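Data block below; observations after.
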Amino acid sequence: MPVFERAMADTTDQTLRAILTDVLGLAPEQTATFEADTGLFGHLPELDSMAVAGLLTEIEDRFDILIEDEDIDGEMLETYGALRAFVSAKTAQG
Amino acid sequence: MDYISWPDPTFPREPAHALAFEGAGPHRLLIVPALFDEGNRLRRLTVEVQRRLAGRHTITSVLPDLPGCNESLAPLEAQDLASWRGAMEACTAHFGATHVLTFRGGALAAPRALPALHYAPVTGAAILRQMLRARLLSTREAGRTETRARLENLARTKGLDLNGYRIGARLFTDLEQAEPRGEAQDLPQSQIGGAALWLRAEPGESPEQADTLARAVAEWVEGSARP
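Residue numbers (the working numbering), protein chains in the order written: chain A, 937 to 1030; chain B, 538 to 764.
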């Protein structure tokens, strides 16, 4: 991966972990252990629809992107890796 | 900590109750809570700020419910922004408030006559957008499909259940347009530090944020007190 793109990917990853830390009320060390296949919506009981709605709003604000209703599906919210891939694709478009 | 009663014009049959903390000084602060689910998530922070304002900063404060929310007996579906503001004005007059502090969307229902400090204010449209998104997510989980456009239409004509809150058509259309009042002072989360507690999936607390927020409110009250 070229240096610039790698740096972008690292920033996306860090920002997304920070948002999850805030939403889930975890210590940063805990979200640091999230892997691509770590389960989110449907796996973490506290992450209900209202919390996911808040999570998506915060992602929009901090990445300065707009998430349309039709962008949102169960798969993109199911794991940390899927959510990160979605945000990377969205920020690349913007 | 005490419960005081006040006459809520939206429910004249019985007095409403507000949570009050008595401070030794002359300043009396009305607090307009955050709306709906954010009100629950920020409840502890709100009350912890009241406790510190009274104990450390000699400021008396009172926290009423918005009509239809929390322990209020008034029907939520019958409310709009004018009825909410009217209730907050009635509480202000009854309590003899000198200043107003609002949390998040509470800024939209603040009484207009007093100096106001808005903690992390938010537009009505942003609140509705998030609640509609939560509803779309949960119906999709249940295997049904709704569209935002259809829900908005329904909400504007008949009202809508959003996240357990029965929001009437008038309140919905009011909120779609509502912006926090411009001349009030804003206190953004960046000045408090730490992660915003309204983002939490489950209600949390932060003694540090309560300390900082109470100090900032006290400084503002002292600075804007009428001579």
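All C-beta atoms in this analysis are idealised placements derived from N, C-alpha and C, irrespective of residue type, glycine included. Source: prediction; values computed, not measured.
query	result
Could you tell me the distance, in whole angstroms, from the CA atom of residue 1020 of chain A to the CA atom of residue 956 of chain A?	11 angstroms
Would you mind working out which of B:556, B:647, B:541 and B:587 sits nearest residue 755 of chain B, comparing C-alpha positions?	B:587
Would you list, in chain order, the members of the segment 688-722 of chain B that have their beta-carbon closer than 7 angstroms to a beta-carbon of chain A?	700
Which residues in the same chain have their Cβ closer than 6 angstroms to the Cβ of residue 971 of chain A, if we skip the five residues on either side of it in sequence?	none
Three Cβ pairs or more, each shorter than 8 angstroms: is that satisfied between the segment 643-659 of chain B and the segment 563-583 of chain B?	yes
Tell me whether the beta-carbon of residue 564 of chain B lies closer than 8 angstroms to the beta-carbon of residue 629 of chain B.	no
Tell me the rounded alpha-carbon separation between residue 597 of chain B and residue 539 of chain B.	11 angstroms
Between residue 950 of chain A and residue 553 of chain B, what straight-line distance do the alpha-carbon atoms span, to the nearest angstrom?	47 angstroms
Am I right that residue 1027 of chain A and residue 948 of chain A are in contact with their C-beta atoms under 8 angstroms? What's the rounded C-beta distance?	6 angstroms
Note down the Cα distance separating residue 939 of chain A from residue 945 of chain A, rounded to an integer number of angstroms.	10 angstroms
Report yes or no: do three or more beta-carbon pairs, one from the segment 665-683 of chain B and one from the segment 736-747 of chain B, lie closer than 8 angstroms?	no
Going by the DSSP bridge assignment, what does residue 601 of chain B pair with across the sheet?	B:555
Apart from the five residues just before and just after residue 967 of chain A, which ones in its own chain have a Cβ nearer than 6 angstroms to its Cβ?	953, 956 and 957
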